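Enquirer:
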Amino acid sequence: MEKGTIIQMNNITKRFFIGCPNELEVLKSIDLKVHTGEFISIVGASGSGKSTLMNIIGALDRPTEGEYLLDGVDINSVDDNKLSSIRNSKVGFVFQTFNLVPRTTALKNVELPMLYAGMPRSKRMQHAKELLELVEMGDRMNHMSSELSGGEKQRVAIARAMANNPAIILADEPTGALDSVTGRLVMDIFHSLHREKGKTILLITHSNELAEETERIVTLKDGQIIGERKGA
């Protein structure tokens, strides 16, 4: 794996119902390389394989065939416990549906990944507060997630994704449930994290307009990469 490469995928294939008459090949021989500090988008219509690819990139799932090196670690060679540890430390997830814990404050939601990582309580609380300030949610930190608007929830979700200072942020349709003004605010936060914190960000989207804001646009169709081009 060459220096400066954080994601290296070679010939990644993903099948479901393996060996059954209705076997489904969702990803077909994907080759993808992402450099440290890059902001790229993976764009495609519904059913193109975007979510399956995201799950493999984020170590939520394993490929059926092919090689995947995540920050130098061969994902196929590690057990589930090690994979869980890699996921918690290397990847921050931001989902369209926010995935916050209900009936829990914004602060506690951001603390959660640090709790799993074994960080002492005082340290994780302080860091969670700093992250919420970063996404301009400091004044809402003690509100329950159910009391927050969609845009506020997504900002909390971004703060939570940053909790363990991950190398990569994976954002799956992060503006999909938001109005255009709030979506703009969320995209500005991603640009800031990329520019000022040097984060590697992968934006999964069906929106060509959002994709154009990223440095590189990878187009997925029917489980295959059909094109790559420069963005902003």
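In this note's numbering, each number is its position in the sequence shown, counted from 1, plus 1354. Every residue, glycine too, gets a C-beta built ideally from N, C-alpha and C. Just so it is clear, the structure is predicted and the values come from calculations on it, not from any experiment.
On the premise that residue 1536 lies in contact with residue 1393, defined as a C-beta separation below 8 Å, what is that separation, rounded to the nearest angstrom?
Expert: 20 Å between Cβ atoms; not a contact.
Enquirer: Compare the Cα-Cα distances from residue 1412 to each of 1363, 1491, 1507 and 1503 and report the closest residue.
Expert: Considering only alpha carbons, the answer is 1363.
Enquirer: When the distance is taken between beta carbons, is residue 1443 closer than 8 Å to residue 1471?
Expert: In contact: residue 1471 and residue 1443 (Cβ atoms closer than 8 Å).
Enquirer: Can you have a look at residue 1410 and say buried or exposed, based on whether 16 or more other CB atoms are within 10 angstroms of its CB?
Expert: Flag for residue 1410 reads buried.
Enquirer: Which same chain residues end up closer than 8 Å to residue 1372 when comparing Cβ atoms and leaving out the 5 residues on each side of it in sequence?
Expert: Counting only Cβ-Cβ distances below 8 Å, and skipping sequence neighbours, we find 1418.
Enquirer: Can you tell me which residues form a DSSP beta bridge with residue 1524?
Expert: In DSSP, residue 1524 forms a bridge with 1447 and 1556.
Enquirer: In chain order, what residues of the same chain lie with their CB nearer than 8 Å to the CB of residue 1574, ignoring the 5 residues before and after it?
Expert: Closer than 8 Å at the Cβ level, and outside the excluded window around residue 1574, lie 1396, 1397, 1398, 1402, 1403, 1404, 1407 and 1580.
Enquirer: Could you check if residue 1508 is buried or exposed, using at least 16 other CB atoms within 10 Å of its CB as the buried criterion?
Expert: The residue is buried, with at least 16 neighbouring Cβ atoms inside 10 Å.
Enquirer: Thinking residue 1558 and residue 1512 are a contact (beta carbons under 8 Å), I'd like their distance in whole angstroms, please.
Expert: With a Cβ gap of about 15 Å, residue 1558 and residue 1512 do not count as contacting.
Enquirer: Which one or two residues does DSSP pair with residue 1366 in a beta bridge?
Expert: Answer is 1384.
Enquirer: Are there 16 or more other CB atoms within 10 angstroms of the CB of residue 1451, so buried, or fewer, so exposed?
Expert: Flag for residue 1451 reads exposed.
Enquirer: DSSP state of residue 1494, grouped into three classes?
Expert: Residue state, collapsed to three classes: helix.
Enquirer: Between the C-alpha atoms of residue 1506 and residue 1384, what's the straight-line distance to the nearest angstrom?
Expert: Taking the straight line from one Cα to the other gives about 35 Å.
Enquirer: How long is the line joining the alpha carbons of residue 1479 and residue 1378, rounded to whole angstroms?
Expert: Cα to Cα, residue 1479 sits roughly 45 Å from residue 1378.
Enquirer: Assuming residue 1532 contacts residue 1540 (C-beta within less than 8 Å), just tell me the rounded distance between them.
Expert: Contact holds; Cβ gap of about 6 Å.
Enquirer: Rounding to the nearest angstrom, what Cα-Cα distance links residue 1476 and residue 1483 in this structure?
Expert: Using only the alpha carbons, I get a separation of about 11 Å.
Enquirer: Using alpha carbons as the reference points, say which of 1545, 1556 and 1436 lies closest to residue 1521.
Expert: Of 1545, 1556 and 1436, the residue nearest in Cα terms is 1556.
Enquirer: Could you check how far apart the C-beta atoms of residue 1545 and residue 1400 are, in whole angstroms? I think they sit under 8 Å.
Expert: Contact flag wrong, Cβ pair sits at about 26 Å.
Enquirer: By alpha-carbon positions, which one of 1571, 1504 and 1453 ends up nearest to residue 1538?
Expert: Among 1571, 1504 and 1453, the Cα nearest to that of residue 1538 is on 1504.
Enquirer: What does residue 1575 pair with, by DSSP beta-bridge criteria?
Expert: In DSSP, residue 1575 forms a bridge with 1578.
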